[in-house]
Each structure stands twice: as structure tokens, then as C-alpha cells.
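Structure first, then comments.
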Ligand code: SF4
Ligand code: FES
């Protein structure tokens, strides 16, 4: 596979074709905040927190690093005034849904985000899709999925499948950046208990 | 809807997973709604997980996971219809059918839904029943139209 040279935060990074910017950064020990990324899962690009600034032949643009493939001679900045401002906003918006998520609280501290900036609409799930994708891609049980769309989108267990599979697995629980997943499972279990 | 008919629909689309939405649409239009058993059957035959089918069936408004009446009534609440008295048409229909938007009556005769534009603002207020459009409605006329449906 051909090697690609690019620059991330001033450091020369060697990457291979097909890698994402996020992977290249990680390989160079540069960290980028993420919420919906998991190395064992297909890239999703749902949370947009991993946004970075990219300079290509004099043009600067914002891209989502967990889905953006490396390119030759790119100049990447993982932090900049603009990037930080966007991340702060994303965190603040997500915190309207999940104000007590540890992961979000930590990022909020780092980016100076105000947990109470937006009126709370605590649905707890931030639609990162980790649980849904883990169950589909790794476990291949498809016990949990999304339903509906837009502001009504939420996760939903298929009762017949989860009654059989979930109790002994629960591997998705620790992936969830909020407490929504566990709550949904407890609810499903209560409803299917006979 | 029985499995045999569902299988026929699936065969019509050559049993391809990529035709999932078409299959669901066919079932929806024949049966007026998508019962869970039907979704399970489709999932098994097309090898698509139920989670994905559920996501699609809840994503598009064309699908319903609850039983629907034989005639779907759509009343336009868009701006043009609104200023021309759509609310009064809606009140009339609500009174006659005894249902509110999003509901279906017990005899499964009507389902009522409001929409935000039917694309024929010049005809407002517009009411649509089972795909047939009735324009320039006044409450009395809307009531007469409704009486024609069995
Ligand atoms: S329940 Fe948790 S893991 Fe699943 S999509 Fe929502 S936030 Fe992500
Ligand atoms: S980690 Fe890249 S969009 Fe969520």
C-alpha cells in the first residue's frame, strides 16, 4: 500500500492509503475528541465532534476527521479558534440531551462549554449509534436499532431478540456515552417480563 | 395479510434486499398498514434485520405501524388553506368522524391526518380523501363529500 505524507499539528505523519485523518492522528499520538467513533466499528460521522481544519493547496476547510481519508500533503490542524468554537457548540447542544454524561462533562471542561446554555431536553441518548452499530457489526444480533427520525429519533430494542440475547451480553452498555442505553434496556426487560 | 400474499409481493421484486422499501410500500398500499408479523416475514425472506426494517418503517411517513382506516383523509393546514378556513373544515371532519388527526375510527373507516401543503394552494382549502382531491371546500360541502364514503 502506498505511503502518504501529511502534516498534523505541525508534525510530519506517515499514513497509508485508506486511513482516516483520525487514525493518522492517533498513530502519531495526537488526540482528537470523539463520541461516536469506535476502532472496531465502521466510521459513522454522527457526532461531528472530531471536526478538524484542513489546508489543501492554500484552501482551508472543515472536515470530519473520523470519516475523511488521508491525502498527500494535507496540512491538518486539530485545534484552532474555529474548531474549538464548533466543538464547544456541539458539546453544549448535546448536553441539552445528556447533561450528566461523564464523557460530555469532561469535554465541556476542556472546551469551556456551558452545560446549561440550552434549555434541557433530556432524552439522554445522543444518537452516537455505538450501541446499534456494535450489536449489528460485532455481535450480529441486531437486537437494538434506531426508530423514527429528526427530533423523535430514539433507540429501540426488539423485545423478542433482546429477551434471548441481551442479558448474557450487555457489551454495548459500557460503550454508551450517556446512561440512556441501560435505561432503555431495563425498560424493555420490564415490558417483556412475563 | 397472509404470508402467501407477502411472499408473492417479495417474489415480484425478485426477493432482493435492495427492494425492501418497494416491498413495504406494496404491503402498505394493499393492507393500509404494516403489521409486525408482516415485517418479520419480510425480514426473514430478504435477510434484512428487523431493526433496519423498523428504522425504515418508522422513518417514512408513508408507512404506518398501526392499523389505518379504509379511507385516509388529509386536510391541508398550509398557509394558503389556513387563511381560507382550513380549521373549519378540520372541525367539521373531526365532528363527523369523531377522530382527531393521527387517529382512526373504531370501524376502521377513516384515518385523519393534517398536512402542511398539498401543492395546490389555489384550490384552498383543500381536502384529500383516498388520494382524491377536493378543492375550495366549505364546511357544508366537506360534510357532503364525506357522506359519500362507505
Ligand atoms: S443509547 Fe447510548 S450508545 Fe446508543 S446511540 Fe444513544 S448515546 Fe449512543
Ligand atoms: S467521532 Fe467523528 S463524527 Fe463522531
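Residue numbers (the working numbering), protein chains in the order written: chain A, 1 to 194; chain B, 1001 to 1150. Note that the Cβ used here is the ideal one computed from N, Cα and C, for glycine as well.
> With a CB to CB cut of under 8 Å and the five nearest residues on each side skipped, what residues in its chain are close to residue 1113(B)?
Replying inline: Numbered from 1 along the second chain, position 113 holds the residue referred to as residue 1113(B). For residue 1113(B), where only same-chain residues beyond five positions count, the Cβ hits under 8 Å are 1072, 1073, 1074, 1075, 1101 and 1102.
> Quick one, which of 86(A), 182(A), 64(A) and 79(A) has its alpha-carbon nearest residue 30(A)'s?
Replying inline: Translated into the one-based positions of the first chain, residue 30(A) becomes position 30. Ranking 86(A), 182(A), 64(A) and 79(A) by Cα distance to residue 30(A) puts 79(A) first.
>> My output table needs one value for residue 64(A): the three-state DSSP class, helix, strand or coil.
In response: By one-based count along the first chain, residue 64(A) stands at place 64. In this structure, residue 64(A) counts as strand in the three-state DSSP scheme.
> Exposed or buried, residue 140(A), counting other C-beta atoms within 10 Å across all chains shown (16 or more means buried)?
Replying inline: Counted from its first residue, the first chain places residue 140(A) at position 140. So residue 140(A) ends up on the exposed side.
>> I want to check one thing, is the minimum distance from the CB of residue 172(A) to the heavy atoms of the ligand FES below 7 Å?
In response: Numbered from 1 along the first chain, position 172 holds the residue referred to as residue 172(A). It does not: the Cβ of residue 172(A) is nowhere closer than 7 Å to a heavy atom of the ligand FES.
> Can you find at least 3 beta carbon pairs, one from the segment 68 to 85 of chain A and one from the segment 148 to 164 of chain A, that sit closer than 8 Å?
Replying inline: no
> Comparing the CB of residue 60(A) with every heavy atom of the ligand SF4, is any distance shorter than 7 Å?
Replying inline: Taking the first residue of the first chain as 1, we reach residue 60(A) at position 60. Flag unset: Cβ of residue 60(A) not near the ligand SF4.
> Cβ of residue 142(A) less than 8 Å from any chain B Cβ?
Replying inline: Position 142 of the first chain, counting from 1, holds the residue named residue 142(A). Closer than 8 Å: yes.
>> Quick test of your reading: residue 104(A) and residue 93(A), contact by CB under 8 Å. State the CB separation rounded to the nearest angstrom.
In response: Working through the first chain from its first residue, we reach residue 104(A) at position 104. Working through the first chain from its first residue, we reach residue 93(A) at position 93. Residue 104(A) to residue 93(A), Cβ: 10 Å. No contact.
>> Would residue 152(A) and residue 90(A) qualify as a contact pair, given that the criterion is a beta-carbon distance under 8 Å?
In response: Position 152 of the first chain, counted from the start, is the residue given in the question as residue 152(A). Position 90 of the first chain, counted from the start, is the residue given in the question as residue 90(A). No.
>> Can you check whether the C-beta of residue 173(A) is within less than 8 Å of a C-beta belonging to chain B?
In response: One-based indexing of the first chain puts residue 173(A) at position 173. Closer than 8 Å: no.
>> Looking at residue 27(A): is its Cβ nearer than 8 Å to the Cβ of residue 50(A)?
In response: For the purposes of this step, residue 27(A) is identified with residue 27 of the first chain, where counting begins at 1. For the purposes of this step, residue 50(A) is identified with residue 50 of the first chain, where counting begins at 1. Not closer than 8 Å, so no.
> chain A beta carbons: is any one of them nearer than 8 Å to that of residue 1041(B)?
Replying inline: Position 41 of the second chain, counted from the start, is the residue given in the question as residue 1041(B). Residue 1041(B) does not count as touching chain A.
> Which chain A residues are close to residue 1071(B), counting only those with a beta carbon under 9 Å from its beta carbon?
Replying inline: By 1-based counting over the second chain, the position of residue 1071(B) is 71. Residues of chain A passing the Cβ test: none, with the nearest at roughly 26 Å.
> Using the C-alpha atoms, what's the distance from residue 43(A) back to residue 181(A)?
Replying inline: Counting from 1 along the first chain, the entry for residue 181(A) is found at position 181. Counting from 1 along the first chain, the entry for residue 43(A) is found at position 43. The straight-line gap from Cα to Cα measures roughly 20 Å.
>> Residues of chain B with CB closer than 7 Å to the CB of residue 145(A), please, in chain order.
In response: The sequence position of residue 145(A) within the first chain is 145, counting from 1. The answer, in chain order, is 1051, 1052, 1054 and 1055.
>> Taking the beta strand (DSSP E) that residue 14(A) belongs to, which residues open and close that run?
In response: Start at 1 with the first residue of the first chain, and residue 14(A) comes out as number 14. Taken as a continuous stretch (DSSP letters only), the beta strand (DSSP E) holding residue 14(A) covers 11 to 16.
> When burial is assigned at 16 or more other CB atoms within 10 Å of the CB, is residue 1119(B) buried or exposed?
Replying inline: Here residue 1119(B) refers to the residue found at position 119 of the second chain. Flag for residue 1119(B) reads exposed.
>> Less than 8 Å between CB atoms is the rule here; does residue 1133(B) satisfy it with respect to chain A?
In response: For this step, residue 1133(B) is matched to residue 133 along the second chain. Residue 1133(B) does not count as touching chain A.
>> For residue 177(A), count the other beta carbons within 10 Å of its own beta carbon; 16 or more makes it buried, fewer makes it exposed. Which is it?
In response: Within the first chain, residue 177(A) is the residue found at index 177, counting from 1. Flag for residue 177(A) reads buried.
>> Just to make sure I have the definition right: I need the residues of chain A whose C-beta is within less than 9 Å of the C-beta of residue 1063(B). Which are they?
In response: Position 63 of the second chain holds residue 1063(B). Under the 9 Å cutoff, chain A gives no residues; its nearest Cβ is about 11 Å from residue 1063(B).
> By Cβ distance below 8 Å, which residues in the same chain neighbour residue 142(A) in space, the five residues on each side in sequence not counted?
Replying inline: As a first step, residue 142(A) must be located in the first chain, where it is residue number 142. Here the set comprises 135, 136, 158 and 161.
> What residues from chain B crowd round residue 123(A), counting only those whose CB sits closer than 7 Å?
Replying inline: For the purposes of this step, residue 123(A) is taken as residue 123 along the first chain, with counting starting at 1. Those do not exist, as residue 123(A) stays about 16 Å from chain B at its closest Cβ, beyond 7 Å.
>> Would residue 149(A) pass as an interface residue toward chain B - the criterion being a Cβ-Cβ separation below 8 Å?
In response: Position 149 of the first chain holds residue 149(A). Yes, because at least one Cβ of chain B sits closer than 8 Å to the Cβ of residue 149(A).
> Is the CB-CB distance between residue 1057(B) and residue 1124(B) below 8 Å?
Replying inline: As a working mapping, residue 1057(B) is identified with position 57 in the second chain. As a working mapping, residue 1124(B) is identified with position 124 in the second chain. No, Cβ-Cβ distance for residue 1057(B) and residue 1124(B) is not below 8 Å.
> Could you name the residues, in chain order, whose CB is less than 6 Å away from a heavy atom belonging to the ligand FES?
Replying inline: 34(A), 35(A), 36(A), 37(A), 45(A), 46(A), 47(A), 48(A), 49(A), 50(A), 64(A) and 66(A)
>> Could you compute how far the alpha carbon of residue 7(A) sits from the alpha carbon of residue 13(A)?
In response: Taking the first chain and counting its residues from 1, the one referred to as residue 7(A) is at position 7. Taking the first chain and counting its residues from 1, the one referred to as residue 13(A) is at position 13. Cα to Cα, the separation comes out at about 6 Å.
>> the ligand SF4 and residue 180(A): does the residue's C-beta get closer than 7 Å to at least one heavy atom of that ligand?
In response: Against the first chain, residue 180(A) aligns to sequence position 180. Yes, Cβ of residue 180(A) sits closer than 7 Å to a heavy atom of the ligand SF4.
> How many Å lie between residue 172(A) and residue 163(A) at the Cα?
Replying inline: Position 172 of the first chain, counted from the first residue, corresponds to residue 172(A). Position 163 of the first chain, counted from the first residue, corresponds to residue 163(A). Going from the Cα of residue 172(A) to the Cα of residue 163(A) covers about 15 Å.
>> So, with DSSP's three-state summary, where would you put residue 116(A)?
In response: Locating residue 116(A) in the first chain gives position 116, where the first residue counts as 1. In the structure shown, residue 116(A) sits in coil (DSSP, three-state: anything other than H, G, I, E or B).
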